[in-house]
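**Student:** Each residue of the sequence shown is one higher than the last, beginning at 2 in this note's numbering.
In this text, a Cβ means the ideal position worked out from N, Cα and C, and glycines have one as well.
Since we're looking at a predicted model, the values are computed, not measured.
Input: one structure, supplied below.
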Amino acid sequence: MSGIAGVVLTDRRARIEVSVLSSMVRALSLGQEGVEKILDLQSVGLVAQGPNFLNVGVAEMPALEHQCGLAFCGSLYDTQWLFSEQDRTGRFCKDLLQLYMETGIGMLKRLRGEFVIAVWDGRDDTLYLAVDRFRVHPLFYYEDTDSLVFGSRIGSVRCALSRKALSVNPEAIMDVMAHSAVPTPRSIFREIKKIPPGSILTRRNGESKLASYWDADFLKPDSTDEAALSVELKRHFSDAVMCRVNYDKGQREIGTFLSGGIDSSTVTGVLSRIIPSRVRSFSIGFQEQRFNELEFARIAARHFGAEIFEYQVGPKDTVDAIPTILNSFDEPFANASAIPTYYCAKVAKDHGVAVLYAGDGGDELFAGNERYSEQRIFDYYGCIPRGLRTYGLEPTINVLAHATGLRPFVKAQKYVRRANIPYPQRLSSYGLFNVIQASDLFDPEMLRRVGLSRDPYEVISRHYYNAPASNELDRQMYIDWKLTLADIDIFKVARMTEAAGIGVRFPFLDHRLAEFSTSVPASIRMRGLKLRSFFKGTYADFLPAEVLNKTKHGFGLPISVWLKTYRPLNEMMHDLVLSSTSLQRGYFRRSMIEKIVHLHESDQTSFYGTVLWNLMVLELWHRANLEPLWEKG
Numbered sequence: 002m003s004g005i006a007g008v009v010l011t012d013r014r015a016r017i018e019v020s021v022l023s024s025m026v027r028a029l030s031l032g033q034e035g036v037e038k039i040l041d042l043q044s045v046g047l048v049a050q051g052p053n054f055l056n057v058g059v060a061e062m063p064a065l066e067h068q069c070g071l072a073f074c075g076s077l078y079d080t081q082w083l084f085s086e087q088d089r090t091g092r093f094c095k096d097l098l099q100l101y102m103e104t105g106i107g108m109l110k111r112l113r114g115e116f117v118i119a120v121w122d123g124r125d126d127t128l129y130l131a132v133d134r135f136r137v138h139p140l141f142y143y144e145d146t147d148s149l150v151f152g153s154r155i156g157s158v159r160c161a162l163s164r165k166a167l168s169v170n171p172e173a174i175m176d177v178m179a180h181s182a183v184p185t186p187r188s189i190f191r192e193i194k195k196i197p198p199g200s201i202l203t204r205r206n207g208e209s210k211l212a213s214y215w216d217a218d219f220l221k222p223d224s225t226d227e228a229a230l231s232v233e234l235k236r237h238f239s240d241a242v243m244c245r246v247n248y249d250k251g252q253r254e255i256g257t258f259l260s261g262g263i264d265s266s267t268v269t270g271v272l273s274r275i276i277p278s279r280v281r282s283f284s285i286g287f288q289e290q291r292f293n294e295l296e297f298a299r300i301a302a303r304h305f306g307a308e309i310f311e312y313q314v315g316p317k318d319t320v321d322a323i324p325t326i327l328n329s330f331d332e333p334f335a336n337a338s339a340i341p342t343y344y345c346a347k348v349a350k351d352h353g354v355a356v357l358y359a360g361d362g363g364d365e366l367f368a369g370n371e372r373y374s375e376q377r378i379f380d381y382y383g384c385i386p387r388g389l390r391t392y393g394l395e396p397t398i399n400v401l402a403h404a405t406g407l408r409p410f411v412k413a414q415k416y417v418r419r420a421n422i423p424y425p426q427r428l429s430s431y432g433l434f435n436v437i438q439a440s441d442l443f444d445p446e447m448l449r450r451v452g453l454s455r456d457p458y459e460v461i462s463r464h465y466y467n468a469p470a471s472n473e474l475d476r477q478m479y480i481d482w483k484l485t486l487a488d489i490d491i492f493k494v495a496r497m498t499e500a501a502g503i504g505v506r507f508p509f510l511d512h513r514l515a516e517f518s519t520s521v522p523a524s525i526r527m528r529g530l531k532l533r534s535f536f537k538g539t540y541a542d543f544l545p546a547e548v549l550n551k552t553k554h555g556f557g558l559p560i561s562v563w564l565k566t567y568r569p570l571n572e573m574m575h576d577l578v579l580s581s582t583s584l585q586r587g588y589f590r591r592s593m594i595e596k597i598v599h600l601h602e603s604d605q606t607s608f609y610g611t612v613l614w615n616l617m618v619l620e621l622w623h624r625a626n627l628e629p630l631w632e633k634g
């Protein structure tokens, strides 16, 4: 594991115990080997820990009568343009601190890569904490009038808070049920928060201010020259891969995640053109064919001459991976695709690969998620004149649906009902709390603590209204940048590769490529209902036709099926969600949990299985992290 941590005391005469800093750095490592650095500046302590596939360290530098310090963990590319030859010392963190001394915290905009950084400026007693633009490296923090404590893992923060009581955030419990994760800025603990992507926290004189130093901008002028845009896309993407290869080559073995989808296939293909050796790619399959994309991964591997290594994940693997999942994530994280991600990374590690290149972000940058086309279908309904809809179509469809019960009319009725839901509420209309009322699922006291009027999907509405965008597609994509990518997918892949003992690179999340993607008009990115029309057109002569034309699967896991069919997992589910320990926590109504278990037995979709997995992860997290010290919020 890797990251930074630290403590800043408001009272400059006070001293931080070195033993506290030592425990914080140990909590970052989770027992894995790596670089460990501690910087003790009396009332300020900074630590860093990480493996050799990252830049990790601390640095200090005198400034008049004061001390300045820095802690860093991450990967920076194109650093030849960052440090001048005369200023380069050969010690990365020292050079980075010198850059700060010369240019100030505005240097963040010059950094290309994935990172987390802390800078202490003793000249004006100011602490700066920042994460990269998509937050590949997260940072949690706690603050009160006496101190600010931060860490890349919640466990490292808790090491410095041994005398302070932490309370479970009831809103976070609702979040896990709604999103399978806890969205920013909340954490599972009420007193601990996350720094948002592309943001910086500044603390001076006991007061803190959070600000953004980078964000998506869908409002900048668009280019409509599609041919020129295609040339630019290829240039930007090749450059994003190349700068990462230059960072890794000669030092560590490179491989790729290969699901058989467009993104991982493009990464594998471009990489095969750059590195002289044969690309090694790693793929996951399942016995359940509707989840299995191995055939497409094999097609892509053959097309690009890559060597493919496969592993078939089964239900026993899920049970075996649970301790790793719990140990890797700082809070309840119930996105089940973490399991195949872990095993894919583990196979790569076993074959000598040190870093995997991933395709995450392509769908979110170039309009590839199915929900974009689903929403556009609903948007088309709004193009029909209101009078015709209200007085003609809708009454007719309702009558036919009720009178005949025929599937086409019932389906049309559901379509009309959803199409009439306004944005942004429609974006969450498939969610759990639109099927099961919060008042039916949660204990009344739990609801009181959360707030009876709280919207479980407020994070979607917040990002929707904050989006610097002028059309619905761009607003939806902005939500995905902030929620789907930062809070779920990146967090998942980064933590699971670390758990397997290897690194990960995200070429699609290169900020120059991301900025370019927003300059492509929405009407070109997605033509009509054709997802990724611009990207597919650009790479039509590069990717195999089968990959270009395949139905999107995603990197899912048949967890709902296995909860029914694999006895050890089924028994574990019952023991966890219906245990007296779980129910006595005061979160959920027993009657509704029993009903969900019963509904799952006959349900042919993954809906109730996902709900049960969320419940299982919540209970497992409580047992692993809080007992016997658990305190209700």
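Who are the Cβ neighbours of Y567 in its own chain at under 6 Å, not counting the five residues just before and after it?
**Tutor:** Around Y567: P316.
**Student:** For Q414, I'd like the list of residues in its chain whose CB is within less than 8 Å of its CB, leaving aside the five on either flank, ordered along the chain.
**Tutor:** Taken in chain order, the residues that qualify are I398, N399 and A402.
**Student:** Looking at C-alpha atoms only, which residue of F287, G369 and A60 is the closest neighbour of Y344?
**Tutor:** Measuring from the Cα of Y344, the nearest candidate turns out to be F287.
**Student:** Distance check for F305 and N293, CA to CA, integer angstroms please.
**Tutor:** Each residue's Cα considered, the two are about 21 Å apart.
**Student:** Whole angstroms are fine: how far does the CA of S224 sit from the CA of I1?
**Tutor:** The requested residue 1 does not occur in the structure, where the chain is confined to residues 2 to 634.
**Student:** Cβ atoms of A64 and G123: under 9 Å apart, would you say?
**Tutor:** Going by C-beta atoms, G123 is nearer than 9 Å to A64.
**Student:** Helix, strand or coil, according to DSSP, for V8 in the structure here?
**Tutor:** Three-state DSSP puts V8 in a strand.
**Student:** Identify, in the order they occur along the chain, each residue of the same chain with its Cβ nearer than 7 Å to the Cβ of F54, setting aside the five sequence neighbours on each side.
**Tutor:** So the qualifying residues of the chain are R253, A355, V356 and G504.
**Student:** Buried or exposed: where does S44 fall if 16 or more other Cβ atoms within 10 Å of its Cβ makes it buried?
**Tutor:** Buried is the call here.
**Student:** Enumerate, from N- to C-terminal direction, the unbroken beta strand (DSSP E) stretches of 3 or more residues contained entirely within the region 5–54.
**Tutor:** Correct list: 36–41 and 45–51.
**Student:** At a Cβ threshold of 9 Å, is W482 touching chain B?
**Tutor:** Of the protein chains in the structure, only one exists, and it is not chain B.
**Student:** Distance, Cα to Cα, L31 vs N550?
**Tutor:** Approximately 43 Å between the Cα atoms of the pair.
**Student:** In angstroms with no decimal places, state the Cα-to-Cα distance between V169 and K537.
**Tutor:** Roughly 45 Å separates the two Cα atoms.
**Student:** Around the Cβ of Q290, are there at least 16 other Cβ atoms within 10 angstroms (buried) or fewer (exposed)?
**Tutor:** Exposed, because fewer than 16 other Cβ atoms sit within 10 Å of the Cβ of Q290.
**Student:** So Q376 is in the alpha helix (DSSP H); what residue range does that whole segment cover?
**Tutor:** Residues E371 to Y382.
**Student:** Are the CB atoms of R513 and A241 nearer to each other than 9 Å?
**Tutor:** Yes, the pair counts as a contact, with Cβ atoms nearer than the cut-off.
**Student:** Quick one: residues in its chain with C-beta nearer than 8 Å to the C-beta of P469, no 5 flanking neighbours on either side, listed in chain order?
**Tutor:** Same-chain partners within the cutoff: D216, A217, D218, F219, L220 and Y479.
**Student:** So, at 6 Å on beta carbons, what are the nonlocal neighbours of E620 in its own chain, with the 5 sequence-adjacent residues on each side left out?
**Tutor:** The residues are L577 and S583.
**Student:** Just how far apart, CA to CA, sit S265 and P445?
**Tutor:** Whole-angstrom Cα-Cα distance: 46 Å.
**Student:** Sort V268, T606, K483 and A301 by Cα distance to K235 and report the nearest one.
**Tutor:** Closest option to K235, Cα to Cα, is V268.
**Student:** Between E34 and E499, what straight-line distance do the alpha-carbon atoms span, to the nearest angstrom?
**Tutor:** When rounded, the distance between both Cα atoms is 12 Å.
**Student:** Grab me the residues of P171's own chain with a C-beta within less than 7 Å of its C-beta, minus the 5 sequence neighbours each way, in chain order.
**Tutor:** Counting only Cβ-Cβ distances below 7 Å, and skipping sequence neighbours, we find M447, R450, V451 and G634.
**Student:** Between which two residues does the alpha helix (DSSP H) holding S583 run?
**Tutor:** From DSSP, the alpha helix (DSSP H) with S583 extends over S581 to L584.
**Student:** Using alpha carbons as the reference points, say which of A368, G360, G70 and N328 lies closest to S282.
**Tutor:** When only C-alpha atoms are compared, the closest one is G360.
**Student:** Extract the residue ranges of the beta strand (DSSP E) inside the region 557–622, only unbroken runs of 3 or more that lie entirely within it.
**Tutor:** List check, beta strand (DSSP E) in window: nothing returned.
**Student:** Tell me, please, which residues DSSP counts as bridged to K531.
**Tutor:** DSSP output for K531 lists R528 as bridge partner(s).
**Student:** Of the residues G51, D96 and H67, which one's Cα is nearest the Cα of C74?
**Tutor:** Answer by Cα proximity: G51.
**Student:** Which class does G270 belong to by DSSP, given the choice of helix, strand or coil?
**Tutor:** In this structure, G270 counts as helix in the three-state DSSP scheme.
**Student:** By DSSP's criteria, K195 is part of a beta bridge. Which residues make up the other side?
**Tutor:** K195 pairs with F141.
**Student:** Have a look at L627 and R134 and give me their C-alpha separation to the nearest angstrom.
**Tutor:** Distance between the alpha carbons of L627 and R134 is about 32 Å.
**Student:** Does the separation of the CB atoms of K565 and N336 fall below 9 Å?
**Tutor:** Result no, Cβ atoms of K565 and N336 do not sit closer than 9 Å.
**Student:** What does the alpha-carbon distance come out to for the pair F543 and I378?
**Tutor:** If you take the alpha carbons of F543 and I378, they lie about 30 Å apart.
**Student:** Looking only at C-alpha atoms, which of K110, G610, Q313 and P333 sits nearest to P184?
**Tutor:** Per the Cα distances, P333.
**Student:** Would H352 be called buried (16 or more neighbouring beta carbons within 10 Å of its own) or exposed?
**Tutor:** H352 is exposed by the Cβ-count criterion.
**Student:** Please report the residue range of the alpha helix (DSSP H) in which P386 lies.
**Tutor:** Neither: P386 is in no alpha helix (DSSP H) and is coded neither H nor E.
**Student:** Taking L442 and F589 to be in contact with their CB atoms under 8 Å, please state how far apart those CB atoms are, rounded to whole angstroms.
**Tutor:** Between F589 and L442 the Cβ distance is about 6 Å, and since that is below 8 Å, they are a contact.
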